[in-house]
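Residue numbers (full-length UniProt numbering), protein chains in the order written: chain Z, 1 to 211; chain H, 1 to 211. Structure first, then comments.
Number of protein chains: 2
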Amino acid sequence: MQKNKGILTVVSGFSGAGKGTIMKALMQAHSETYALSISATTRAPRTGERDGIEYFFKSREAFEQMIADDALVEYAEYVGNYYGTPKAYVEEQLARGKDVILEIEIQGALKVRRQFPDALLLFVTPPSAEVLKNRLIGRGTETMDVIEHRLARALEEAEGLEEYDYLVVNDVLEEAVREVHEIIQNEHYRVARNADKIREMRNELKGFTRQ
Amino acid sequence: MQKNKGILTVVSGFSGAGKGTIMKALMQAHSETYALSISATTRAPRTGERDGIEYFFKSREAFEQMIADDALVEYAEYVGNYYGTPKAYVEEQLARGKDVILEIEIQGALKVRRQFPDALLLFVTPPSAEVLKNRLIGRGTETMDVIEHRLARALEEAEGLEEYDYLVVNDVLEEAVREVHEIIQNEHYRVARNADKIREMRNELKGFTRQ
Numbered sequence: 001m002q003k004n005k006g007i008l009t010v011v012s013g014f015s016g017a018g019k020g021t022i023m024k025a026l027m028q029a030h031s032e033t034y035a036l037s038i039s040a041t042t043r044a045p046r047t048g049e050r051d052g053i054e055y056f057f058k059s060r061e062a063f064e065q066m067i068a069d070d071a072l073v074e075y076a077e078y079v080g081n082y083y084g085t086p087k088a089y090v091e092e093q094l095a096r097g098k099d100v101i102l103e104i105e106i107q108g109a110l111k112v113r114r115q116f117p118d119a120l121l122l123f124v125t126p127p128s129a130e131v132l133k134n135r136l137i138g139r140g141t142e143t144m145d146v147i148e149h150r151l152a153r154a155l156e157e158a159e160g161l162e163e164y165d166y167l168v169v170n171d172v173l174e175e176a177v178r179e180v181h182e183i184i185q186n187e188h189y190r191v192a193r194n195a196d197k198i199r200e201m202r203n204e205l206k207g208f209t210r211q
Numbered sequence: 001m002q003k004n005k006g007i008l009t010v011v012s013g014f015s016g017a018g019k020g021t022i023m024k025a026l027m028q029a030h031s032e033t034y035a036l037s038i039s040a041t042t043r044a045p046r047t048g049e050r051d052g053i054e055y056f057f058k059s060r061e062a063f064e065q066m067i068a069d070d071a072l073v074e075y076a077e078y079v080g081n082y083y084g085t086p087k088a089y090v091e092e093q094l095a096r097g098k099d100v101i102l103e104i105e106i107q108g109a110l111k112v113r114r115q116f117p118d119a120l121l122l123f124v125t126p127p128s129a130e131v132l133k134n135r136l137i138g139r140g141t142e143t144m145d146v147i148e149h150r151l152a153r154a155l156e157e158a159e160g161l162e163e164y165d166y167l168v169v170n171d172v173l174e175e176a177v178r179e180v181h182e183i184i185q186n187e188h189y190r191v192a193r194n195a196d197k198i199r200e201m202r203n204e205l206k207g208f209t210r211q
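This is the structure:
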């Protein structure tokens, strides 16, 4: 089937749900299909980070100009730095037929949906809250205070879960990657995304029945 | 992931789109997952047809009693015989966690959706109207009059296409079967179908953050 326009997918999930790992595996397996959205930020590049690859690095002035120009799908300020999603990059990739993936938290996800009403929203969770807690503890890098803060944050994020389209349970990584891939690819078969094909088929049928 | 309730899927499509072949292949490949809905009819059994397998064979009186009892999801009269979908069978299979498939035309599909608002509606088409025409001609069993009548009927059915959720293009059979299977199985991950799991996760998180 001829491929329609690319699909914009927003992936959110609890910290510790493994969404970063899923995204990385998805990109490696299907690099021709997907484009990962690149964020713009005013924070300084860390060692090894390249402009236009990990982030678009911007001055505060340039970032605020993007805000004024409505050139960002969404943005937020975090610990004194701006982070946002440049609209032009997303639109270019979609027009090229790439399925664009945005990894972003829930407030950003809802802003994206307002600007791209046919965006697909996926939420990644571990199999249970117990598993989430154990994964956070298991990292061994966080104090119990931080872990409890993360769990409280997870509870807050769970409040918005009904706004999402699909719930992906990350139990076995390869299965979660396959699920995310199938969900996005099947979305191309949605009737609403095939208006052109349907119109074409109708016109063809009309031609036959008129003869 | 623990499986939720079965999903009711309605499959429609143009005559000659190959939906019967897709359904047969799907059932053979995943007989544990799916249950094909069995129609009730007042027409006489043909040689080899068994009650409760190909059809539930009913007297006209019994069928009209089912109509009066609201025991049918939908029904229609065709060439002097009733055909309908018994509600009890569909509901039993769904409760057992089976994904139930109903092969039915468009008017019936819309009646099903009214009674089962979360039914999934798939429409099967050939790759183009040209291919549809050639398939009908290629069968060699129909006069051109019949073929033209079928194409006119296809045009009528295409009018309702926007009511469906997914468009499945049957070009290569195995791919169409895989698509239908993936579309139905991914539907289990819809947020709206996982309300219990989400509530459970929230309660668990609440328990952790209260400690």
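Quick reminder that beta carbons are idealized off the backbone N, C-alpha and C, glycines included.
DSSP places Asp51/Z in the strand class (E or B) of the three-state scheme. Across the set Val90/H, Glu159/H, Ser128/H, Thr141/H, the C-alpha of Val90/H shows the shortest separation from the C-alpha of Phe116/H. Nearest neighbour of Glu92/H by Cα position, chosen from Glu200/H, Tyr34/H, Glu179/H, turns out to be Tyr34/H. Only residues of its own chain outside the window of five on either side were considered, and among them Gly13, Ala17, Lys19, Val168, Asn170 have a CB closer than 6 angstroms to the CB of Val124/H, listed in chain order. Judged by DSSP secondary structure, Tyr89/H falls within the alpha helix (DSSP H) whose first and last residues are 87 to 95.
Residue ranges of uninterrupted beta strand (DSSP E) with 3 or more members, entirely inside the stretch 116 to 200 of chain Z and ordered along the chain, are 120 to 125, 166 to 169. DSSP, read as helix, strand or coil, puts Phe56/Z in strand.
Beta-bridge partners of Asp99/H (DSSP): Tyr34/H. Annotated three-state conformation of Gly207/H is helix, per DSSP. Each of Gly108/H, Thr47/H, Asn203/H, Lys5/H was checked against the Cα of Ser128/Z, and the nearest Cα belongs to Asn203/H. Glu142/H and Asn134/H have their C-alpha atoms some 12 angstroms from each other. With respect to chain Z, the C-beta atom of Gly207/H has a partner C-beta closer than 9 angstroms. The alpha-carbon separation between Arg199/H and Leu151/Z amounts to approximately 16 angstroms.
Between Val112/H and Leu8/H, the C-beta gap is smaller than 9 angstroms, which places the two residues in contact. When only Cα atoms are considered, Glu175/Z and Met23/Z end up about 13 angstroms apart. Excluding five sequence positions before and after Ala71/Z, the CB atoms of its chain that fall closer than 7 angstroms to its own CB belong to Pro86, Lys87, Ala88, given in chain order.
Per DSSP, reduced to three states, the secondary structure at Ala71/Z is coil, with no helix or strand assignment.
From the beta-carbon of Ala62/H, no residue of chain Z is found nearer than 9 angstroms; the closest lies around 37 angstroms away. Residues of chain Z whose Cβ lies closer than 7 angstroms to the Cβ of Lys133/H are, in chain order, Phe208. A straight line joining the alpha-carbon of Lys98/Z with that of Glu32/Z spans about 8 angstroms. Between Gly207/Z and Leu94/Z, the C-beta gap is not smaller than 9 angstroms, which leaves the two residues out of contact.
One thing to note: Phe63/H has its Cβ no nearer than 9 angstroms to the Cβ of Pro45/H.
Here Ser59/H is exposed. Its C-beta has fewer than 16 other C-beta atoms within 10 Å. The three-state secondary structure of Ala44/Z, taken from DSSP, is coil.
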